[in-house]
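Peer 1: Here's a structure for you.
Written out as C-alpha coordinates, the structure reads:
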(Lines of atoms letter the chains of each structure in order from A; the text may use other names.)
(Lines give C-alpha, C1' and ligand atoms only; values in the text may rest on other atoms or scores of the structure.)
Protein backbone atom coordinates (compact mmCIF):
# COMPACT_ATOMS: atom_id res chain seq x y z
CA UNK A 20 0.00 0.00 0.00
CA UNK A 21 1.11 3.60 -0.45
CA UNK A 22 3.06 5.14 2.41
CA UNK A 23 0.87 7.02 4.85
CA UNK A 24 1.41 10.74 5.44
CA UNK A 25 -0.65 10.92 8.62
CA UNK A 26 0.96 13.05 11.28
CA UNK A 27 1.06 10.72 14.25
CA UNK A 28 1.49 13.45 16.83
CA UNK A 29 -1.61 15.29 15.58
CA UNK A 30 -3.61 12.09 15.42
CA UNK A 31 -2.55 11.09 18.92
CA UNK A 32 -3.61 14.47 20.28
CA UNK A 33 -6.89 14.15 18.42
CA UNK A 34 -7.53 10.73 19.95
CA UNK A 35 -6.85 11.98 23.46
CA UNK A 36 -9.21 14.90 22.89
CA UNK A 37 -12.04 12.72 21.65
CA UNK A 38 -11.47 9.99 24.19
CA UNK A 39 -11.69 12.53 26.99
CA UNK A 40 -14.80 14.35 25.75
CA UNK A 41 -18.12 13.96 27.48
CA UNK A 42 -19.93 12.78 24.36
CA UNK A 43 -22.79 10.35 24.56
CA UNK A 44 -22.00 6.67 24.39
CA UNK A 45 -22.33 4.85 21.07
CA UNK A 46 -25.46 3.06 22.29
CA UNK A 47 -27.23 6.44 22.56
CA UNK A 48 -26.56 7.26 18.93
CA UNK A 49 -28.30 6.32 15.69
CA UNK A 50 -25.30 6.64 13.40
CA UNK A 51 -23.23 4.12 11.47
CA UNK A 52 -19.87 5.14 10.02
CA UNK A 53 -17.93 3.87 7.02
CA UNK A 54 -14.42 5.04 6.32
CA UNK A 55 -15.15 5.45 2.58
CA UNK A 56 -18.36 6.10 0.67
CA UNK A 57 -17.95 2.81 -1.21
CA UNK A 58 -19.85 1.07 1.59
CA UNK A 59 -22.61 3.62 2.10
CA UNK A 60 -25.12 1.93 -0.20
CA UNK A 61 -24.51 -1.62 1.06
CA UNK A 62 -24.97 -0.47 4.67
CA UNK A 63 -28.01 1.70 3.97
CA UNK A 64 -29.60 -1.17 2.09
CA UNK A 65 -29.39 -3.30 5.25
CA UNK A 66 -30.21 -0.84 8.04
CA UNK A 67 -32.84 1.08 6.06
CA UNK A 68 -34.44 3.86 8.08
CA UNK A 69 -33.31 2.52 11.46
CA UNK A 70 -29.89 4.20 11.38
CA UNK A 71 -28.16 7.04 9.57
CA UNK A 72 -25.14 5.91 7.54
CA UNK A 73 -22.35 8.44 7.07
CA UNK A 74 -18.98 7.99 5.34
CA UNK A 75 -15.92 9.97 6.35
CA UNK A 76 -14.29 10.05 2.91
CA UNK A 77 -17.00 11.13 0.48
CA UNK A 78 -15.17 12.31 -2.64
CA UNK A 79 -12.97 10.94 -5.42
CA UNK A 80 -10.86 14.06 -4.88
CA UNK A 81 -9.55 12.64 -1.59
CA UNK A 82 -6.79 10.02 -1.67
CA UNK A 83 -7.69 7.49 1.06
CA UNK A 84 -4.03 6.46 1.39
CA UNK A 85 -2.91 9.88 2.61
CA UNK A 86 -6.07 10.89 4.45
CA UNK A 87 -5.81 12.46 7.91
CA UNK A 88 -8.97 12.45 10.07
CA UNK A 89 -10.24 15.60 11.76
CA UNK A 90 -11.48 15.88 15.34
CA UNK A 91 -15.05 15.80 13.99
CA UNK A 92 -14.28 12.56 12.14
CA UNK A 93 -12.93 11.05 15.34
CA UNK A 94 -15.98 12.11 17.32
CA UNK A 95 -18.25 10.58 14.67
CA UNK A 96 -16.43 7.25 15.01
CA UNK A 97 -16.63 7.47 18.80
CA UNK A 98 -20.40 8.05 18.63
CA UNK A 99 -21.17 5.32 16.08
CA UNK A 100 -23.14 2.16 16.70
CA UNK A 101 -21.17 0.41 13.95
CA UNK A 102 -17.96 1.28 12.11
CA UNK A 103 -17.02 -0.40 8.84
CA UNK A 104 -13.44 -0.24 7.59
CA UNK A 105 -11.69 -1.85 4.63
CA UNK A 106 -8.69 -3.09 6.60
CA UNK A 107 -5.31 -4.37 5.37
CA UNK A 108 -3.83 -0.96 6.14
CA UNK A 109 -6.08 0.90 3.70
CA UNK A 110 -7.72 2.94 6.46
CA UNK A 111 -5.75 1.98 9.55
CA UNK A 112 -6.20 5.50 10.97
CA UNK A 113 -9.71 4.49 12.04
CA UNK A 114 -8.45 1.59 14.15
CA UNK A 115 -6.52 4.03 16.36
CA UNK A 116 -9.67 6.06 16.95
CA UNK A 117 -11.73 2.92 17.56
CA UNK A 118 -9.28 1.61 20.16
CA UNK A 119 -8.93 4.98 21.89
CA UNK A 120 -12.70 5.15 22.33
CA UNK A 121 -13.32 1.49 23.30
CA UNK A 122 -15.30 0.89 20.11
CA UNK A 123 -13.58 -2.36 19.11
CA UNK A 124 -16.76 -4.42 19.54
CA UNK A 125 -18.53 -2.15 17.05
CA UNK A 126 -15.86 -2.34 14.33
CA UNK A 127 -16.20 -4.56 11.27
CA UNK A 128 -12.86 -4.89 9.53
CA UNK A 129 -14.07 -5.98 6.08
CA UNK A 130 -10.85 -7.72 5.03
CA UNK A 131 -10.01 -9.40 8.34
CA UNK A 132 -13.36 -10.12 9.97
CA UNK A 133 -15.49 -10.88 6.89
CA UNK A 134 -13.09 -12.15 4.22
CA UNK A 135 -10.36 -13.49 6.54
CA UNK A 136 -7.62 -11.84 4.50
CA UNK A 137 -4.04 -11.62 5.71
CA UNK A 138 -1.45 -8.83 5.58
CA UNK A 139 -0.05 -8.72 2.08
CA UNK A 140 -3.33 -9.58 0.37
CA UNK A 141 -4.76 -7.07 -2.08
CA UNK A 142 -6.55 -4.38 -0.08
CA UNK A 143 -9.10 -3.24 -2.69
CA UNK A 144 -11.63 -5.84 -1.56
CA UNK A 145 -14.74 -3.91 -2.63
CA UNK A 146 -13.95 -4.58 -6.29
CA UNK A 147 -15.28 -8.09 -5.66
CA UNK A 148 -19.09 -8.06 -5.81
CA UNK A 149 -19.37 -11.31 -3.88
CA UNK A 150 -17.13 -9.76 -1.22
CA UNK A 151 -19.60 -6.91 -0.77
CA UNK A 152 -22.45 -9.40 -0.50
CA UNK A 153 -20.58 -11.00 2.40
CA UNK A 154 -20.06 -7.60 4.00
CA UNK A 155 -23.80 -6.86 3.80
CA UNK A 156 -24.53 -10.17 5.48
CA UNK A 157 -22.03 -9.39 8.26
CA UNK A 158 -23.69 -6.01 8.81
CA UNK A 159 -27.12 -7.66 9.04
CA UNK A 160 -25.79 -10.14 11.58
CA UNK A 161 -24.12 -7.42 13.66
CA UNK A 162 -27.19 -5.20 13.70
CA UNK A 163 -29.40 -8.17 14.56
CA UNK A 164 -27.31 -8.65 17.71
CA UNK A 165 -27.18 -5.01 18.82
CA UNK A 166 -30.79 -4.29 17.84
CA UNK A 167 -32.56 -7.70 18.13
CA UNK A 168 -36.09 -6.31 17.94
CA UNK A 169 -35.41 -5.39 14.28
CA UNK A 170 -33.58 -8.61 13.37
CA UNK A 171 -36.20 -9.71 10.84
CA UNK A 172 -36.05 -6.28 9.20
CA UNK A 173 -32.26 -6.39 8.78
CA UNK A 174 -32.23 -9.95 7.49
CA UNK A 175 -34.97 -9.22 4.95
CA UNK A 176 -33.12 -6.12 3.73
CA UNK A 177 -29.90 -8.09 3.34
CA UNK A 178 -31.60 -10.76 1.22
CA UNK A 179 -33.12 -8.06 -0.99
CA UNK A 180 -29.78 -6.32 -1.52
CA UNK A 181 -27.96 -9.60 -2.12
CA UNK A 182 -30.49 -10.35 -4.86
CA UNK A 183 -29.80 -6.93 -6.39
CA UNK A 184 -26.04 -7.56 -6.40
CA UNK A 185 -26.67 -10.95 -7.98
CA UNK A 186 -27.45 -8.94 -11.11
CA UNK A 187 -23.82 -7.83 -11.19
CA UNK A 188 -22.56 -11.35 -10.45
CA UNK A 189 -24.55 -12.72 -13.39
CA UNK A 190 -23.32 -9.94 -15.64
CA UNK A 191 -19.73 -10.76 -14.68
CA UNK A 192 -20.30 -14.44 -15.48
CA UNK A 193 -21.66 -13.54 -18.90
CA UNK A 194 -18.85 -11.10 -19.62
CA UNK A 195 -16.27 -13.66 -18.52
CA UNK A 196 -17.11 -15.69 -21.61
CA UNK A 197 -15.38 -12.93 -23.59
CA UNK A 198 -12.68 -11.84 -21.13
CA UNK A 199 -11.36 -15.14 -19.75
CA UNK A 200 -7.71 -15.58 -20.66
CA UNK A 201 -7.10 -11.95 -21.58
CA UNK A 202 -4.28 -9.88 -20.10
CA UNK A 203 -4.27 -6.29 -18.88
CA UNK A 204 -1.84 -3.71 -17.58
CA UNK A 205 -2.84 -1.69 -14.51
CA UNK A 206 -1.23 1.44 -13.12
CA UNK A 207 -1.69 -0.13 -9.68
CA UNK A 208 -3.48 -3.30 -8.49
CA UNK A 209 -6.77 -1.48 -7.92
CA UNK A 210 -9.15 -3.80 -9.86
CA UNK A 211 -7.48 -7.07 -8.82
CA UNK A 212 -10.66 -8.78 -7.58
CA UNK A 213 -12.79 -7.61 -10.49
CA UNK A 214 -10.28 -8.75 -13.10
CA UNK A 215 -9.84 -12.05 -11.30
CA UNK A 216 -13.61 -12.63 -11.37
CA UNK A 217 -13.53 -11.95 -15.12
CA UNK A 218 -10.61 -14.31 -15.75
CA UNK A 219 -8.29 -11.44 -16.73
CA UNK A 220 -4.70 -11.61 -15.53
CA UNK A 221 -2.58 -8.59 -14.56
CA UNK A 222 0.52 -8.67 -16.77
CA UNK A 223 2.58 -6.06 -14.87
CA UNK A 224 2.30 -6.97 -11.17
CA UNK A 225 5.75 -5.63 -10.20
CA UNK A 226 5.15 -2.25 -11.87
CA UNK A 227 1.70 -1.96 -10.29
CA UNK A 228 2.97 -2.86 -6.82
CA UNK A 229 5.75 -0.26 -7.04
CA UNK A 230 3.27 2.49 -7.95
CA UNK A 231 0.99 1.46 -5.09
CA UNK A 232 3.87 1.61 -2.62
CA UNK A 233 5.06 5.02 -3.84
CA UNK A 234 8.35 3.63 -5.16
CA UNK A 235 9.88 3.81 -8.61
CA UNK A 236 9.24 0.81 -10.87
CA UNK A 237 12.41 -0.91 -12.03
CA UNK A 238 13.87 0.02 -15.42
CA UNK A 239 13.26 -3.57 -16.52
CA UNK A 240 9.55 -3.41 -15.57
CA UNK A 241 9.13 -0.06 -17.34
CA UNK A 242 10.76 -1.31 -20.56
CA UNK A 243 8.70 -4.50 -20.47
CA UNK A 244 5.47 -2.52 -20.10
CA UNK A 245 6.44 -0.08 -22.84
CA UNK A 246 7.20 -2.97 -25.17
CA UNK A 247 3.88 -4.61 -24.29
CA UNK A 248 1.92 -1.45 -25.12
CA UNK A 249 3.75 -0.94 -28.41
CA UNK A 250 3.13 -4.52 -29.49
CA UNK A 251 -0.40 -4.93 -28.09
CA UNK A 252 0.51 -7.71 -25.68
CA UNK A 253 -2.45 -6.76 -23.47
CA UNK A 254 -6.13 -6.15 -24.23
CA UNK A 255 -6.35 -2.91 -22.25
CA UNK A 256 -4.76 -0.62 -19.67
CA UNK A 257 -6.53 0.21 -16.39
CA UNK A 258 -5.73 3.62 -14.87
CA UNK A 259 -6.62 4.79 -11.37
CA UNK A 260 -7.98 8.31 -11.92
CA UNK A 261 -7.23 9.29 -8.32
CA UNK A 262 -3.48 8.84 -8.62
CA UNK A 263 -1.21 10.69 -11.05
CA UNK A 264 2.52 10.68 -11.64
CA UNK A 265 4.98 11.20 -14.45
CA UNK A 266 5.35 7.49 -15.17
CA UNK A 267 1.58 6.93 -15.21
CA UNK A 268 1.13 9.82 -17.64
CA UNK A 269 3.89 8.39 -19.81
CA UNK A 270 2.25 4.95 -19.94
CA UNK A 271 -1.20 6.44 -20.59
CA UNK A 272 0.15 8.50 -23.49
CA UNK A 273 1.96 5.47 -24.89
CA UNK A 274 -1.24 3.44 -24.75
CA UNK A 275 -3.14 6.18 -26.60
CA UNK A 276 -0.40 6.47 -29.22
CA UNK A 277 -0.53 2.74 -29.89
CA UNK A 278 -4.34 2.57 -29.67
CA UNK A 279 -4.41 0.30 -26.63
CA UNK A 280 -7.84 0.78 -24.98
CA UNK A 281 -7.77 2.57 -21.62
CA UNK A 282 -10.22 2.02 -18.75
CA UNK A 283 -10.42 4.64 -16.01
CA UNK A 284 -11.43 3.50 -12.54
CA UNK A 285 -11.66 5.31 -9.21
CA UNK A 286 -10.94 3.90 -5.74
CA UNK A 287 -13.83 5.65 -4.06
CA UNK A 288 -17.22 6.50 -5.51
CA UNK A 289 -18.31 9.76 -7.14
CA UNK A 290 -20.72 11.45 -4.73
CA UNK A 291 -23.68 10.91 -7.07
CA UNK A 292 -23.26 7.14 -7.45
CA UNK A 293 -24.07 4.13 -5.29
CA UNK A 294 -22.07 0.91 -5.27
CA UNK A 295 -24.31 -0.97 -7.69
CA UNK A 296 -24.33 1.76 -10.33
CA UNK A 297 -20.61 2.36 -9.92
CA UNK A 298 -19.68 -1.31 -10.38
CA UNK A 299 -22.15 -1.64 -13.24
CA UNK A 300 -20.35 1.25 -14.95
CA UNK A 301 -16.98 -0.43 -14.44
CA UNK A 302 -18.29 -3.56 -16.13
CA UNK A 303 -19.73 -1.49 -18.96
CA UNK A 304 -16.29 0.00 -19.67
CA UNK A 305 -14.76 -3.45 -19.99
CA UNK A 306 -17.68 -4.75 -22.02
CA UNK A 307 -17.40 -1.92 -24.56
CA UNK A 308 -13.73 -2.71 -25.12
CA UNK A 309 -13.98 -6.48 -25.53
CA UNK A 310 -16.94 -6.13 -27.93
CA UNK A 311 -15.01 -3.91 -30.32
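Residue numbers (this note's numbering): 20 to 311.
Backbone N, C-alpha and C fix where the C-beta goes; we use that ideal spot for every residue, glycine too.
Only a predicted model underlies this, so the values are computations on that prediction, with no experimental measurement involved.
Note down, in chain order, each residue of its chain lying with its Cβ closer than 6 Å to the Cβ of residue 147, except the 5 sequence neighbours on either side.
Peer 2: Same-chain partners within the cutoff: 212.
Peer 1: By Cβ distance below 8 Å, which residues in the same chain neighbour residue 248 in space, the five residues on each side in sequence not counted?
Peer 2: Excluding sequence neighbours, residue 248 sits near 204, 256, 270, 273, 274, 277, 279.
Peer 1: Within the continuous beta strand (DSSP E) that includes residue 284, where are the two ends?
Peer 2: Start and end: 281 to 284.
Peer 1: Answer yes if the region 233 to 245 comes into contact with the region 178 to 186, meaning at least three C-beta pairs across the two stretches below 8 Å, and no otherwise.
Peer 2: No, the region 178 to 186 is not in contact with the region 233 to 245.
Peer 1: Can you grab the Cα-Cα spacing for the pair residue 24 / residue 174, in whole Å?
Peer 2: Here the model assigns residue 24 a pLDDT of 43, short of 50, so the residue's position is not dependable, and the following value carries that caveat. Their backbone Cα atoms lie some 40 Å apart in a straight line.
Peer 1: Quick one: what does DSSP say residue 226 is sitting in, helix, strand or coil?
Peer 2: If DSSP states are grouped into helix, strand and coil, residue 226 belongs with the helices.
Peer 1: Pull up the distance between the alpha-carbon of residue 49 and that of residue 104, whole angstroms please.
Peer 2: About 18 Å.
Peer 1: Flag this pair as touching only if the region 92 to 99 and the region 190 to 206 have three or more C-beta atom pairs under 8 Å; answer yes or no.
Peer 2: The region 92 to 99 is not in contact with the region 190 to 206.
Peer 1: For a quick check, are the C-beta atoms of residue 181 and residue 164 less than 9 Å apart?
Peer 2: No; because the gap between Cβ atoms is not below 9 Å, this pair is not in contact.
Peer 1: Can you give me the Cβ contacts of residue 285 inside the same chain, cut-off strictly under 6 Å, excluding the 5 residues immediately before and after it?
Peer 2: Cβ within range, chain order: 79, 260, 261.
Peer 1: Determine the burial state of residue 122: buried for a count of at least 16 other Cβ atoms within 10 Å of its Cβ, exposed for fewer.
Peer 2: Burial call: buried.
Peer 1: Among all the DSSP beta bridges, which residues are the ones paired with residue 126?
Peer 2: The partner list for residue 126 (beta bridge, DSSP) reads 102.
Peer 1: Nearest to residue 228 by CA position, among 207, 216, 217, 215, is which residue?
Peer 2: The shortest Cα separation from residue 228 among 207, 216, 217, 215 belongs to 207.
Peer 1: Using 9 Å as the threshold, is the C-beta distance between residue 53 and residue 72 below it?
Peer 2: Yes, Cβ-Cβ distance for residue 53 and residue 72 is below 9 Å.
Peer 1: Taking all protein chains shown into account, do 16 or more other C-beta atoms lie within 10 angstroms of the C-beta of residue 56, making it buried, or fewer, making it exposed?
Peer 2: Classification for residue 56: buried.
Peer 1: Go ahead and pull the three-state DSSP assignment for residue 256.
Peer 2: Strand, per DSSP.
Peer 1: What's the call for residue 17, buried or exposed, on a 16-neighbour Cβ count within 10 Å?
Peer 2: Absent from the structure is residue 17, since the part of the chain shown begins at 20 and ends at 311.
Peer 1: Tell whether a beta-carbon distance below 9 Å holds between residue 144 and residue 107.
Peer 2: Contact flag set, yes.
Peer 1: Please report how far the alpha carbon of residue 64 lies from the alpha carbon of residue 202, in whole angstroms.
Peer 2: In a straight line, the C-alpha of residue 64 is about 35 Å away from that of residue 202.
Peer 1: Per DSSP, residue 79 forms a beta bridge with which residues?
Peer 2: According to DSSP, which records beta bridges pairwise, residue 79 is partnered with nothing at all.
Peer 1: Out of 309, 224, 245, 283, which one is the CA nearest neighbour of residue 254?
Peer 2: Of 309, 224, 245, 283, the residue nearest in Cα terms is 309.
Peer 1: Hey, how far is the Cα of residue 46 from the Cα of residue 149?
Peer 2: Low confidence applies here, because residue 46 scores a pLDDT of 43, under 50, leaving its location unreliable; read the following figure in that light. Rounded to the nearest angstrom, the two C-alpha atoms are 30 Å apart.
Peer 1: Is residue 109 helix, strand or coil when you go by DSSP?
Peer 2: Coil at residue 109, not helix or strand.
Peer 1: What span of residues does the beta strand (DSSP E) with residue 69 cover, start to end?
Peer 2: Here residue 69 belongs to no beta strand (DSSP E), and DSSP marks it neither H nor E.
Peer 1: For residue 278, which three-state DSSP category applies?
Peer 2: Note: residue 278 maps to coil in three-state DSSP.
Peer 1: Whole angstroms is fine: what's the gap from residue 331's alpha carbon to residue 139's?
Peer 2: Look at the range of the chain in this structure, 20 to 311, and you will see that residue 331 is not part of it.
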